Every structure is written in structure tokens, then in C-alpha cells.
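Student: I'd like to ask some things about the structure below.
Residue numbers (our numbering), protein chains in the order written: chain A, 4 to 296; chain B, 3 to 246.
This is the structure:
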């Protein structure tokens, strides 16, 4: 099984940022999903462990821990907002001095990738959005499928339950994946973000209302044709948290303005098609980047 | 080996397809072999393709419209000959339902099969007319001279029943044993002969039992996406082959 390369650190506007890179050539930057301060699951750069190495055989493949997630520092001044996540992602890409890059964003990371492109066109060569209910218009069903896990938050059982319910085939949720999530959850700085978002209520008072406001603006910008970069939408067909209709709506929104807009559906895949079908996802991404190089 | 199976049978469509319909996209595939399809029924076409690929190793069949259904039919009958199927704008294979009448080809200019009549038909099914060049039209006219169009009687009495029979078997297999080889559906976003949903439901049928199934849409293309966006088409088909 492919592993992430040795992690590195980069100072991004005072935020100590963990990142991973391998290979040479066209730069691809992967942005995973989730957000800081969730107690029953926790994303990190590990999410792309089946993709970074294989694609680094052809390209310079990079992923990083988003602001407040994985090992990267938490936001300064309690700025627990998606806008801060997007600013940090853009600053990270600038700091790499590799722009323009091909951005690949999953779930909340699909929103972040698109927003980075909308605000920083010069940093971005193309955008790939994967199963992003956060970006798509329409009703997301995350809270329906994952409501009240039957295990205590922060336990291995809870983490496994959450990712199994995201997936088509629960067997793809390996011990290694659960270990990676448990490691992030164990970090004191991550637990601080859980407190901020939970008991200090920044999740409901700040993060979600700000995301809702900015999502309205983001969709308006997309409808106005402001993305102006080649874009593809990749969707796991069996995702119950971001159903296929969300992907279709999103693709059609992009396709109205961009000739180079493609839509791909991968069967027997839930929310993480790049983990359930890594060979197929990597092949699609490789051919996409080669076609634009 | 990749084997390209065209659709566009004269008398079923008002343009005459053939190996020429694939155009420049064939040059992007190093092992492409475009077959000329004959026959008045789906079964006859299926047997012809099956015979043509027998003994040549497992082939990735890329079929357009009727050719897509024929390719899927070959995969059902002889999966040992097929490594994968790509069905492109295969309106013939997609569910019909109680659809509304499609008038895309309702009033072709006469004489039928002439250069202008075929140009009209090709323009009608395209997003943009720019891919319709002299080379394509010359080839379509030449093909019309070689192959007499299907008569209305043959169309009604033989072809349509064979199509319904083949579709019925296809959907039965999708529901029961499943198609035994990886399959993908490639659709044009602006195909006037079929909606986005037609393509998605064709995919849904295959996806019931075949794990390796994909659906792709190429923007700003009609019923001939491989001609209108050859680079994107190649990218999708090559990626499917890479992923085996």
C-alpha cells in the first residue's frame, strides 16, 4: 500500500504548516475535506495516501494539512472560519512558488479549492472537485446519514462507524486509516479546536453561518462564470452524504461557462472514490493533468 | 487491442457512418482498429464483430450509438474476447420508456444520402458544425455509394424487433448475472437524440452488477463527442484502459 512521503514543515504567514510532497513536473495540490474541531472524525493529509505516491511518478504531487487540521497550527485569533482556511490554502500554494497548480479538492476541500481559484486565478491551472456537498447547491445529507453515531465521540469504534457510513464498501476503512484519524484526534491542539467549535460554540456561532454566507457568494460567482479554469467533477456513485444529483447540479453549473468541463462517475464508491477505487481515480487525474500540461 | 465499432447505419440514421466517422481520434490510440459494421439486425452485427475479434486477444470495444449496444452484446455473449466496453452516445442502448417523439431527423433534405443531406444530418446531431469537414463528407458520400440503405420494410420488420430483443436481453443481464467486463458510458452534454438522464440510466443499468463501471459527460458535444472533443474523449478512454 502506498504511504505518504516524509512530512515537511513550512511557515505560511505565521502558521506552522505540515505538508507532504513527492515527484517532479506539473504540480498537483490535493485539499482534503472535513473541518477543524469535529470530535467523531478528523481528516488529515493521510486522506490522500493512496494517490500522492502513484501520481508522483508523473507529477509533483503535494498535499498539506489545512488550517487547524492534521498537524498544522490552529487559526490565530480564534478565526475558525472557512474563509481563513481558504486564505491559508492560497498562501500555502503561493509559498510553494510552483503556481499555477492543478488543484484537487474533496468534500469541504472541493469548496476550498474552488474558492481558492475564484479568489486567486493566477495560482490555479485547473480544478478537480470530488464529492463536494459543501460546494454543490441543493440539500446535503451528511447530517442525515451520520447523525448521532452509536459510539462515544473520539473512540476508534466511532471513527470506524463514521467512515464506514461514508463508504460503499466498509472494508476500505482499514486499521491504518482509523489509526491516522485517532492520531489527529489525540493532538492537544486538535482537542483545543474541538473545544472551540463545541463547548465555546464557534461551530454554530461562527463557522457555519460564515460558510453559509460565503457559499451563497461562491455559487453566485460560479453562476456568473468567474471560475474561468478547466474543471472536472468526479463523483462516487453511491455516496449517501452527497448524492449523485449534487454532482450533476455542480457539473452543470460549471459546464455553462467552461468548455473544458468534464463529469465522471465511479461505481461502487461512496464519499471517497479516490480511496475506494484509487487506480481508477489516479488514472483519470493523470490523463486530465497530461491533457492540460 | 482497441476495436472501434461505429453506429450510423443508413436507413436507421440519415447519415452513413463507417470507420471514417471516428476521424482524427483514432490516431491518438496506438492500437486502434476501426471495423466496418454490416448487417440488418443487431444480432447479425454482433456476430460480425465477434467473428472479427475472435483469436486476437481480449479487445477493448469502443462502440458508438448502435455500435455501443453491439459491443455490449458481444461482451454478454463472449466475455472471453472482451477486456472492456466503452459505449459512446449509445442512444440505442439507453432506456426508451414512453419517451416523447424526437424530431431531430424528421425532415431530411432530399436527395437522401447526398453530401448536403448528410451534412444536414451531421449538423443536426452536433453541438458545433466545425468538425464537419470535406474529408468527413467525402467519406460519408463514398460510404453511401457502397452500402444500400436499409429499406423501411427491413427497418420495421427486422431491425426494430432485433433492437428491442437485444435491449431486453441487455437489461435482463444487467439485472441478473451482470455484464462480466468493465464498462463505461461516455455521453455528449448536448446530444439532441438523448438527454443526460438517458446516459445516466444506461450507466445505472450496468452499475447494478458490474463493479468497474463509469459514466462520463463531455461538455459542448452532441452525438459525436469523439469528433467534437477528441482530446477529452481520448483522455477518458485511455484512463479507463490505464485503470485495468
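Built from N, CA and C at the ideal position, the CB exists for glycine as well.
Since we're looking at a predicted model, the values are computed, not measured.
(1) Measuring CA to CA, which of 106(A), 63(A) and 116(A) is closest to residue 86(A)?
(2) Confirm, please, whether the CB-CB distance from residue 183(B) to residue 2(B) is below 8 Å.
(3) Please confirm if residue 220(B) has its CB atom under 8 Å from at least one CB of chain A.
(4) Taking 7 Å as the cut-off, is the CB of residue 66(B) close to at least one heavy atom of the ligand FMN?
(5) Exposed or buried, which one is residue 177(A) when buried takes at least 16 other CB atoms within 10 Å?
(6) Could you check the C-alpha separation between residue 124(A) and residue 105(B) for me, to the nearest Å?
(7) To the nearest angstrom, how far is the alpha carbon of residue 159(A) from that of residue 244(B)?
(8) So residue 291(A) and residue 50(A) are supposed to be a Cβ contact under 8 Å. How far apart are they, rounded?
(9) Taking only three categories from DSSP, how would you classify residue 91(A)?
(10) So, does the CB of residue 264(A) fall closer than 8 Å to a CB anywhere in chain B?
(11) Can you check DSSP and say which residues form a bridge with residue 14(A)?
(12) Tell me the rounded alpha-carbon separation between residue 34(A) and residue 173(A).
(13) Between which two residues does the beta strand (DSSP E) carrying residue 35(B) extend?
(14) For residue 268(A) and chain B, any beta-carbon pair shorter than 8 Å?
(15) For a cutoff of 8 Å on Cβ pairs, would you count residue 29(A) as touching chain C?
(16) Whether or not the region 22-30 of chain A and the region 250-267 of chain A are in contact is what I'm after, with contact meaning three or more pairs of Cβ atoms, one per stretch, closer than 8 Å; do they touch?
(17) Is it buried or exposed, residue 236(A), if we count other Cβ atoms within 10 angstroms and call 16 or more buried?
(18) Between residue 177(B) and chain A, is the shortest Cβ-Cβ distance under 8 Å, so that the two count as touching?
(19) Cβ atoms of residue 14(B) and residue 157(B): under 8 Å apart, would you say?
(20) Measuring CA to CA, which of 92(A), 64(A) and 162(A) is closest to residue 75(A)?
(21) Relative to the C-alpha of residue 136(B), which residue among 130(B), 117(B), 154(B) and 153(B) is closest?
(22) Of all the residues that make up the region 281-296 of chain A, which are near chain B by a beta-carbon distance shorter than 9 Å?
(23) Taking Cβ to Cβ, would you say residue 294(A) is nearer than 8 Å to residue 233(B)?
(24) Strictly by DSSP, which residues pair up with residue 65(B)?
(25) Are there three or more Cβ pairs, one per stretch, closer than 8 Å when the region 133-143 of chain A is compared with the region 97-110 of chain A?
(26) Residue 237(B) touches chain A at which residues, Cβ-Cβ below 7 Å?
(27) Determine the direct distance from the alpha carbon of residue 166(A) to that of residue 114(B), and round the result to whole angstroms.
(28) Taking the straight line between their C-alpha atoms, what separation do you get for residue 179(B) and residue 211(B)?
(29) Per DSSP, what kind of secondary structure is residue 202(A) in: helix, strand or coil?
(30) So is residue 136(B) in contact with chain A if we call contact Cβ pairs under 8 Å?
(31) Using the rule of at least 16 other Cβ atoms within 10 Å of the residue's Cβ for burial, across every protein chain shown, is residue 69(A) buried or exposed?
(32) Check each candidate in 242(B), 246(B), 159(B) and 230(B) and name the one with the smallest Cα separation from residue 91(B).
(33) Which residues does DSSP pair with residue 190(B) in a beta bridge?
(34) If we ignore side chains and look at the alpha-carbon of each, how far apart do residue 249(B) and residue 61(B) end up?
(35) Is it buried or exposed for residue 223(A), if we count other Cβ within 10 angstroms and need 16 for buried?
(36) So which residues on chain B does residue 240(A) lean against when the C-beta distance must stay under 7 Å?
Tutor: Let me spell this out:
(1) For residue 86(A), the nearest C-alpha among the options comes from 116(A).
(2) Absent from the model: residue 2(B). The displayed extent of chain B is 3 to 246, so no value can be given.
(3) At least one chain A Cβ lies under 8 Å of residue 220(B).
(4) Ligands are entirely absent from the displayed structure, and the ligand FMN is therefore not among its contents.
(5) Taking all protein chains shown into account, residue 177(A) has fewer than 16 neighbouring C-beta atoms within 10 Å of its C-beta and is therefore exposed.
(6) Answer to the nearest angstrom: the Cα atoms are 43 Å apart.
(7) One C-alpha to the other measures close to 36 Å.
(8) The pair is not a contact, with the Cβ atoms about 19 Å apart (cut-off 8 Å).
(9) DSSP, read as helix, strand or coil, puts residue 91(A) in helix.
(10) Answer yes: the Cβ-Cβ gap between residue 264(A) and chain B drops below 8 Å somewhere.
(11) Residue 14(A) has 19(A) as its beta-bridge partners, per DSSP.
(12) In a straight line, the C-alpha of residue 34(A) is about 23 Å away from that of residue 173(A).
(13) Per DSSP, the unbroken beta strand (DSSP E) holding residue 35(B) starts and ends at 34-37.
(14) Taking Cβ atoms only, chain B reaches closer than 8 Å to residue 268(A), which makes this a yes.
(15) Looking at the structure shown, chain C is missing, and the protein chains on hand are A and B.
(16) Remark: fewer than three beta-carbon pairs, one from each stretch, lie closer than 8 Å, so the region 250-267 of chain A and the region 22-30 of chain A are not flagged as touching.
(17) By the neighbour-count rule (16 or more Cβ atoms within 10 Å), residue 236(A) is buried.
(18) Not closer than 8 Å to any Cβ of chain A, the Cβ of residue 177(B) fails to qualify, so no.
(19) A contact, by the Cβ cut-off of 8 Å.
(20) It is 92(A).
(21) Closest by alpha carbon: 117(B).
(22) Cβ contacts with chain B: 282, 283, 284, 285, 286, 287, 288, 289, 290, 291, 293 and 294.
(23) Going by C-beta atoms, residue 294(A) is nearer than 8 Å to residue 233(B).
(24) In DSSP, residue 65(B) forms a bridge with 7(B) and 89(B).
(25) Three or more beta-carbon pairs drawn from the region 133-143 of chain A and the region 97-110 of chain A are found closer than 8 Å, and the two stretches are therefore classed as touching.
(26) By Cβ distance, chain A contributes 290, 291 and 294.
(27) Going from the Cα of residue 114(B) to the Cα of residue 166(A) covers about 59 Å.
(28) Cα to Cα, residue 179(B) sits roughly 7 Å from residue 211(B).
(29) Three-state DSSP puts residue 202(A) in coil, outside helix and strand.
(30) It does not; no Cβ of chain A falls within 8 Å.
(31) Under this definition residue 69(A) is a buried residue.
(32) When the alpha-carbon of residue 91(B) is set against those of 242(B), 246(B), 159(B) and 230(B), the nearest one is in 230(B).
(33) Answer is 220(B).
(34) Since the first residue of chain B shown is 3 and the last is 246, residue 249(B) is not available in this structure.
(35) Exposed.
(36) Residue 240(A) reaches chain B at 209, counting residues in chain order whose Cβ is nearer than 7 Å.
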